[in-house]
Amino acid sequence: MSVTWYGVSTLLFDDGETKVLTDGFFSRPFFAGLDSIAEPDTAQIARMVETADLHDLAMITAVHSHFDHAMDLGVVALATGAAVFGSESTANVSRGAGVAESKIV
21 MSVTWYGVST LLFDDGETKV LTDGFFSRPF FAGLDSIAEP DTAQIARMVE TADLHDLAMI
81 TAVHSHFDHA MDLGVVALAT GAAVFGSEST ANVSRGAGVA ESKIV
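The sequence shown stops at residue 125 when you use this note's numbering, and every number in between is there.
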C-alpha cells in the first residue's frame with residue numbers, strides 16, 4: 021500500500037490494484053477578493069490526472085464538502101471514471117459537474 025500526498029488533504033491510496041483519492045483538490049484558486057468566483061481549473065485537473073496516473077481511479081471521496089475539499093471532485097470523477105463516495109452535499113457537487121447518478125454512492 022502506498023499513500024501519496026498532493027497537498028491540503030488530497031491523498032492517493034494505491035495498493036497496486038485499486039486507487040482511492042481523498043478530496044482531489046487540484047485547482048488551488050487565488051482569491052483576490054470576496055467577489056471572486058471559485059471554480060475548478062479543468063486544465064490543472066487534467067495535468068494532475070496525467071502526472072499522478074489517475075486514469076484508473078476507482079473512487080474519490082471528499083473529507084467534507086467545503087470548496088477546498090470538494091470543488092474539483094466532480095471534474096476529477098469525470099476525467100477518471102471514478103465513483104464518488106460522500107455526503108449528500110458531496111453528491112450535489114458531483115451532480116453539478118455532470119457525474120452520472122450511477123457513479124455517486
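C-beta: ideal position from N, C-alpha, C; glycine also.
Nearest to W25 (by Cα), restricted to the options T100, G36, A82, T42
T42
What does A103 pair with, by DSSP beta-bridge criteria?
M79
Per DSSP, which residues does D34 bridge with? Please list them.
S22, K39
Would you report the Cα separation of A90 and F45, rounded to the nearest angstrom?
7 angstroms
Proximity winner among E121, N112, A58, M68, relative to L31 (alpha-carbon distances):
M68
Within 10 angstroms of its Cβ, does T71 collect 16 or more other Cβ (buried), or is it exposed?
exposed
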